[in-house]
Structures are given as C-alpha cells and as structure tokens.
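First comes the structure, then the notes that go with it.
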Amino acid sequence: MFKYLNPKRFYYAVGKKKFLEFILLAVFMLFFYGPLMYMCITAFGNVYEVPNIFPTEWGFKWWNFVFSQKSLVSSIVQSLTIAVITTVCSMVLCIPAAYSLARFRFPGRKIFMLSFLLTNAFPKLGIYTSIGILFYKYNLMGTLLGVVIIHMINSMMFMVWLPCSAFQAVHKQQEEAARDVGAGPIRTFFQVSFPMAMPGIMVATLYTFLGSMEEAQGTLLVGLARIKTMPVEMYGIILDYPGQAGAVFAILLMIPAAVMILAMKKYIGPEAIAGGFKMK
Numbered sequence: 069m070f071k072y073l074n075p076k077r078f079y080y081a082v083g084k085k086k087f088l089e090f091i092l093l094a095v096f097m098l099f100f101y102g103p104l105m106y107m108c109i110t111a112f113g114n115v116y117e118v119p120n121i122f123p124t125e126w127g128f129k130w131w132n133f134v135f136s137q138k139s140l141v142s143s144i145v146q147s148l149t150i151a152v153i154t155t156v157c158s159m160v161l162c163i164p165a166a167y168s169l170a171r172f173r174f175p176g177r178k179i180f181m182l183s184f185l186l187t188n189a190f191p192k193l194g195i196y197t198s199i200g201i202l203f204y205k206y207n208l209m210g211t212l213l214g215v216v217i218i219h220m221i222n223s224m225m226f227m228v229w230l231p232c233s234a235f236q237a238v239h240k241q242q243e244e245a246a247r248d249v250g251a252g253p254i255r256t257f258f259q260v261s262f263p264m265a266m267p268g269i270m271v272a273t274l275y276t277f278l279g280s281m282e283e284a285q286g287t288l289l290v291g292l293a294r295i296k297t298m299p300v301e302m303y304g305i306i307l308d309y310p311g312q313a314g315a316v317f318a319i320l321l322m323i324p325a326a327v328m329i330l331a332m333k334k335y336i337g338p339e340a341i342a343g344g345f346k347m348k
C-alpha cells in the first residue's frame, strides 16, 4: 500500500486520467477543507506561534476565554432568538403566499415571483441603506423588529419559491378527494397539501434559518450595533480579541447550522432544492 505514496508509481498504477482526477480532487479538498482544518487547529491551540505548523500546546484555553465574555455569550442567544423568530414569521407569511401562487393563475404571476429575486440580485448594502432611510421614519432603527424584517426580506425568495414548487407537486385531485369526503379547505390544507409539500418547506426553512444566522451587514446597519448577533460580534472579535478566539467563535457559529442540516437531512435533496427554482 505504501508504495503508492510515490507519485510516479501512483501515476502508472492508476493511469493518466485517474491521476489527474485525483489531483483535482486533492486541490478541491485542500481549497474547501483546508481553512476549516486550520480553524479547528487554531481553536484548540493554547499556544500557537509562527513558524510552528501545529500548536505547541493543546487545550480549551480560548474556549474558556470566549465563554467568559458576557457580550459573546449574549450574541449567541441573540442570534438564535432572531433566527427562530425570522423563520417562524417567514413561514406564517410566505407559505400561504406560496400556496396561492401554486394554485392560482393570474396576470403578472411570474413577474410577481421574480420580484422576490430583487433583494438577492443587487448589492445588499445599497438596499439596506435605502431601507434604513424608511426605517428611520418609522422608528425601526436599532430595534429587534427592524432586524427581523431585514432578515425576512432576505429569506422571502427561498420561503416563496421552494414551497411554491412543493405545492405544485401536490396533485389537485388529492385535495379534491379530501373535499369530496367532507374536509373543509383549512383541514384539506393542513392534512393533505401541507404534509405532502413538507420536503420543500423544510428546505426553505433551513435556508431561512441559516441565512438569518449569518446575516451581518443588514443587522449591523439597521441594528445600530444595539442588536449584536454572532456575525456582528465577529467584527469586534477580529479587531479586539486574539485570533484563536475568533476561530472558537466561528466554530460556535457553525454548530447551529450543522445541527439543522442533520435534523433535516431526510428532507434535503437535489429534487427539493432544484425544483424550487423552476417557475411554472
């Protein structure tokens, strides 16, 4: 086995095509997972100085440091709270809209659906500045409500497009069959349409939650540094704290995303994701 560690022998053993594929895979793995590995090494290195490749002392020194900072802990709670509120509010507002778009045909329907793309089609800083002017008028700057609205605006495309496609996949005959046996429209929706569209809805929910967790620019601009979520706090960590503390905080920021992905892995698939971006 160890003889294949020689690049020349490995080249002749697998052939030119497989060797090039292996090189591309190695570059891909290094490009995407190299920074992640470095971040994990940095987070658990008590003493890590140049020119050492690995820390000279391992431990949880910087984890204790992060959790001893009240502002950092409060930002974790703030991020989770806002992400949950944003996800729930987006579901309440966008799922009925998605169902209406899936079931009813009206003039300008596709243009209306494309309008949800506008917030992701232009530089967000310009959009946030324009929204900030409006928020000043209604006293929403520096408030939790203002930040939640910003997060919801960013998630509307996913929360409308993906569930809309999922509802379109539910045959009308199934809903009509439920109505024929006496089920009302609300009962039909919650017992037939909603459960069958659940994969697409769960994918949209995941995108919304993760998008809220990582939103920084809009939160910083509208929150006026009063609403300090984890991404906003990261700016201060980079400037005011050691690099190891930033690595620890970055891992903490990734944990909720990893938990959500594992919890919804049975719903996440290429069909549910790709199907949401097909407008019919």
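This note's numbering applies: residue 69 is where the sequence shown begins, and numbers increase by one.
The beta-carbon is built from N, C-alpha and C at its ideal position, and this holds for glycine as well.
No experiment lies behind these values; they were computed from the predicted model shown.
Looking at the unbroken beta strand (DSSP E) that takes in G113, where does it start and where does it end?
G113 to V115
Just the Cα atoms here: how many angstroms apart are G102 and V95?
Approximately 10 Å, taken between the alpha carbons.
T211: first and last residue of the uninterrupted alpha helix (DSSP H) it sits in
Segment: none, T211 is in no alpha helix (DSSP H) and carries neither H nor E.
Proximity below 8 Å, CB of F235 to CB of A265
yes
Under a Cβ-count criterion, where at least 16 other Cβ atoms within 10 Å of its own Cβ denotes burial, should P191 be classed as buried or exposed?
exposed
Residue from V238, T256, A246 and M224 whose Cα sits closest to the Cα of L161
M224
According to DSSP, W229 sits in a beta bridge with which residue or residues?
Note: W229 sits in no beta bridge, so no partner.
Quick check on the burial criterion: 16 or more other C-beta atoms within 10 angstroms. Buried or exposed for G252?
Per the 10 Å Cβ criterion, exposed.
Selection from F277, S143 and A326 that minimises the alpha carbon distance to M302
S143
Determine the contact status of P231 and I269, defining contact as a CB-CB distance below 8 Å.
Taking the C-beta atoms as reference points, I269 is found nearer than 8 Å to P231.
With distance defined between alpha-carbon atoms, name the residue in F135, Y116, F257 and V271 nearest to P168.
Looking at the sequence provided, one finds Ser at residue 168 rather than Pro. When only C-alpha atoms are compared, the closest one is F257.
For my contact list, G200 and V115 are in at a C-beta cut-off of 8 Å; report their separation, rounded to the angstrom.
Contact doesn't hold; Cβ gap of about 44 Å is too wide.
Write down every uninterrupted run of the beta strand (DSSP E) in the stretch 93-149 whose length is 3 residues or greater and which is fully enclosed by it, in chain order.
Listed in chain order, they are 113-115.
Quick check: the stretch 210-222 against the stretch 277-288, are there 3 or more CB pairs under 8 Å?
Output reads yes: the stretch 277-288 touches the stretch 210-222.
First and last residue of the alpha helix (DSSP H) that includes M332?
Premise fails: M332 is in no alpha helix (DSSP H) and is neither H nor E.
Quick check: the Cα distance between T155 and T276, rounded to an integer number of angstroms?
6 Å
Go to G286, then tell me how far its alpha helix (DSSP H) extends in each direction, as first and last residue.
Q285 to G291
If contacts are defined as beta-carbon pairs under 8 Å, then I44 and C108 qualify, I think. What distance do you get, rounded to the angstrom?
An answer regarding residue 44 cannot be provided, because it is not within the stretch 69 to 348 covered by the chain.
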